[in-house]
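Structure first, then comments.
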Amino acid sequence: MILVTGGAGFIGSNFVLDWLARSDEGLVNLDRLTYAGNLENLQALADDPRYVFVHGDIGDRALASRLLDEHRPRAIVNFAAESHVDRSIHGPEDFIQTNIVGTFHLLETTRGYWSDLAGRERQRFRFVHVSTDEVYGSLGREDPAFSEAHRYQPNSPYSASKAASDHLVRAYHHTYGLPVLTTNCSNNYGPYHFPEKLIPLMIVNALADKPLPVYGDGQQIRDWLYVSDHCSAIRRVLDAGRPGETYNIGGWNEKPNLDIVLTVCALLDELSPRSDGKPYREQITYVADRPGHDRRYAIDARKIERELGWRPAETFESGMRKTVLWYLDNRQWVRNVQTGAYRAWVEKNYAERGR
Ligand code: NAD
Ligand code: TYD
Numbered sequence: 000m001i002l003v004t005g006g007a008g009f010i011g012s013n014f015v016l017d018w019l020a021r022s023d024e025g026l027v028n029l030d031r032l033t034y035a036g037n038l039e040n041l042q043a044l045a046d047d048p049r050y051v052f053v054h055g056d057i058g059d060r061a062l063a064s065r066l067l068d069e070h071r072p073r074a075i076v077n078f079a080a081e082s083h084v085d086r087s088i089h090g091p092e093d094f095i096q097t098n099i100v101g102t103f104h105l106l107e108t109t110r111g112y113w114s115d116l117a118g119r120e121r122q123r124f125r126f127v128h129v130s131t132d133e134v135y136g137s138l139g140r141e142d143p144a145f146s147e148a149h150r151y152q153p154n155s156p157y158s159a160s161k162a163a164s165d166h167l168v169r170a171y172h173h174t175y176g177l178p179v180l181t182t183n184c185s186n187n188y189g190p191y192h193f194p195e196k197l198i199p200l201m202i203v204n205a206l207a208d209k210p211l212p213v214y215g216d217g218q219q220i221r222d223w224l225y226v227s228d229h230c231s232a233i234r235r236v237l238d239a240g241r242p243g244e245t246y247n248i249g250g251w252n253e254k255p256n257l258d259i260v261l262t263v264c265a266l267l268d269e270l271s272p273r274s275d276g277k278p279y280r281e282q283i284t285y286v287a288d289r290p291g292h293d294r295r296y297a298i299d300a301r302k303i304e305r306e307l308g309w310r311p312a313e314t315f316e317s318g319m320r321k322t323v324l325w326y327l328d329n330r331q332w333v334r335n336v337q338t339g340a341y342r343a344w345v346e347k348n349y350a351e352r353g354r
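Okay, so the sequence shown: first residue is 0 according to numbering that gives the first Met the number 0, each after it adds one.
Below, the structure written as structure tokens:
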């Protein structure tokens with residue numbers, strides 16, 4: 000079986016569901032259930048004997064060590080992290096704790112387990128560290144996209160903490176020979192995306208008749224990848240990636256934020272028109288920019304295509320349509336995550352932006 004950390008979050012829960020839909024290999028999910036962890040995403044697995052959920056912290060070495068000894072996984076896929084840039088600006092400490100210190104403890108626990116393995120078990124063991132393109136910093140409009148050789152130049156507490164974790168993972172390979180693989184992926188979107196991030200926030204605000212807050216001039220560029228494509232890339236890296244290597248994962252799909260918001264609006268105009276017949280784009284409001292906002296991210300995903308034969312299956316159009324339809328079909332899920340804590344965050348993040 001495999002051990003997944005952070006499997007109750009957005010990408011992790013998509014990965015867990017896809018994994019068990021495709022293979023009979025069991026999966027243990029270790030998740031601390033922060034505000035971003037949601038067991039409702041995994042309700043379909045409640046009675047599945049191949050699936051084990053464990054509530055706990057990646058930094059809890061006694062717990063993680065017991066889990067490894069008990070389940071003897073052939074691989075660990077580390078999704079667990081604090082993941083939201085705006086939250087990292089308001090309060091970086093949790094990012095340091097989980098993304099850096101937590102990853103360090105998980106690496107130490109894994110090193111202990113792996114060192115005691117022998118023969119084939121030791122040879123085939125893998126540790127996949129799921130990271131982000133944000134570690135590379137910001138690109139100018141004409142700069143070539145991030146390759147795996149691009150220098151690290153993180154600009155937010157979030158990206159700095161992920162960069163630090165990537166360095167630790169690299170060092171555990173270089174120093175101890177731990178068979179690690181790191182993936183650096185662009186912005187994901189799709190089902191179960193927590194509505195603090197751009198695309199789900201725009202969908203749920205639009206449907207609730209609320210403003211659609213675009214930071215700054217809305218011309219910041221991101222590369223967007225449908226989440227199931229990220230999951231298939233990680234499976235491919237786990238199966239065939241070379242230990243010690245890093246793989247950039249992207250959708251070949253760079254878009255300015257404003258285009259993303261307009262796409263959400265157009266899809267909603269078609270699929271769930273406003274009762275007054277007006278277009279959703281009328282709800283767009285420009286608000287104060289994010290401090291230190293990175294202008295452009297772009298991924299050169301040729302290495303994973305060349306070496307592992309991976310390319311995204313979904314187009315931007317098909318992925319966005321699926322995503323909007325998912326939110327329209329899962330309004331109770333949205334209501335359930337919009338707790339008091341969620342409302343307090345939205346108040347805090349947008350109050351100062353002069354909405
Ligand atoms: P998320 O915030 O939705 O989920 C994170 C999960 O980790 C939650 O279930 C949370 O409870 C859990 N967690 C947090 N701290 C923990 C701890 N100390 N111990 C155990 N579990 C803990 O994040 P996501 O968007 O699903 O991202 C998953 C990973 O992918 C992260 O490492 C992130 O940096 C990376 N990533 C995300 C994106 C994106 O667009 N969302 C893109 C590239 C890379
Ligand atoms: P986000 O989804 O937070 O992801 P990241 O910062 O990791 O790329 O934001 C995506 C882009 O959308 C980013 O450039 C910030 C912008 N944004 C807005 O314009 N308005 C919003 O309300 C949010 C949450 C993000």
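Glycine residues also receive a C-beta, built at the ideal position from the N, C-alpha and C atoms.
The ligand NAD approaches Lys-161 closely enough that one of its heavy atoms is under 7 Å from the residue's Cβ. Within a 10 Å sphere around the beta-carbon of Ser-185 sit 16 or more other beta-carbons, which makes this residue buried.
When C-alpha distances from Lys-277 are compared across Trp-18, Leu-116 and Ala-205, the shortest belongs to Ala-205. DSSP places Phe-193 in the coil class of the three-state scheme, outside both helix and strand. Spanning the alpha carbons of Leu-197 and Asn-256 requires a straight line of approximately 8 Å. DSSP, reduced to helix, strand and coil, places Pro-199 within a helical segment of the structure shown.
Counting the other Cβ atoms within 10 Å of the Cβ of Thr-245 gives 16 or more, which makes it buried.
Taking 7 Å as the cut-off, the C-beta of Asp-268 does not count as close to any heavy atom of the ligand TYD. Distance from the CA atom of Leu-106 to the CA atom of Val-100, rounded to whole angstroms, is 10 Å. Trp-223 sits in a strand when the DSSP states are folded into three classes.
With 16 or more other Cβ atoms from the protein chains shown falling within 10 Å of its own Cβ, Thr-108 counts as buried. For Arg-334, the enclosing alpha helix (DSSP H) covers residues 330–336.
Annotation note: the segment 281–340 contains the following uninterrupted beta strand (DSSP E) runs of length 3 or greater, listed N- to C-terminal: 283–286.
Under DSSP, the beta-bridge partners assigned to Tyr-246 are Thr-182. Going by beta carbons, Glu-316 and Arg-310 fall outside the 8 Å limit. Taking a 10 Å sphere around the C-beta of His-89, we find fewer than 16 other C-beta atoms and assign the residue as exposed. Spatial neighbours of Asp-56 in its own chain (CB-CB distance under 6 Å, excluding positions within 5 residues in sequence) are listed in chain order as Arg-31. According to the DSSP assignment, Val-127 belongs to the beta strand (DSSP E) that extends over 125–131. When DSSP reads this structure, Glu-253 sits in a beta bridge with Asp-222. Closer than 7 Å to some heavy atom of the ligand TYD: that does not describe the Cβ of Pro-91.
Straight through space, the alpha carbons of Lys-302 and Thr-284 are spaced by roughly 39 Å.
In the structure shown, Asp-30 adopts extended strand secondary structure according to DSSP, grouped into three states.
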